[in-house]
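The structure under discussion appears below in the form of structure tokens.
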Amino acid sequence: EAFLGGVLDDARSTFTIAERAYDRGGVTLIDLLDAARTSRMIQQNYIEALFNYQRNVIQLESAVGTDITS
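Just so we're aligned, residue 157 is where the sequence shown starts under our numbering, counting upward by one.
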């Protein structure tokens, strides 16, 4: 989870850098929008991964009949 959190931080940082570059005329609007889209996709993939993990834990606990996260 720490690794994935780092990936989210990196995605946000990259977008922030793109925003600053756009404000200074260093990148085009297309580049900025692409950075925003990529950042959102990374966030969405992270949330989906957490959801899938939790769903799989629940399925496994149901199959074995006990709490496996303790």
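The beta-carbon is built from N, C-alpha and C at its ideal position, and this holds for glycine as well.
Since the model is a prediction, treat every value here as computed from it, not as a measurement.
Assuming residue i is part of the alpha helix (DSSP H), what are its boundary residues?
| i | result |
| --- | --- |
| S195 | L185 to V220 |
Taking the Cβ atom as the reference point for each residue, do residue i and residue j lie within a distance shorter than 7 Å?
| i | j | result |
| --- | --- | --- |
| L216 | I203 | no |
| S195 | A219 | no |
Relative to the C-alpha of residue i, which residue among the options is closest?
| i | options | result |
| --- | --- | --- |
| L171 | G161, G181 and D187 | A quick correction: the sequence has Phe, not Leu, at residue 171. Checking every option, the nearest Cα to that of F171 belongs to D187. |
Would you decide whether residue i is buried or exposed? Buried here means 16 or more other CB atoms lie within 10 Å of its CB.
| i | result |
| --- | --- |
| A191 | buried |
| F205 | Position check: residue 205 holds Ala in this sequence, whereas Phe was assumed. Exposed, by the Cβ-count rule. |
Am I right that residue i and residue j are in contact with their C-beta atoms under 8 Å? What's the rounded C-beta distance?
| i | j | result |
| --- | --- | --- |
| V163 | A174 | With a Cβ gap of about 17 Å, V163 and A174 do not count as contacting. |
So, does the CB of residue i fall closer than 7 Å to a CB anywhere in chain B?
| i | result |
| --- | --- |
| F171 | Here chain B cannot be found, since the structure has a single protein chain. |
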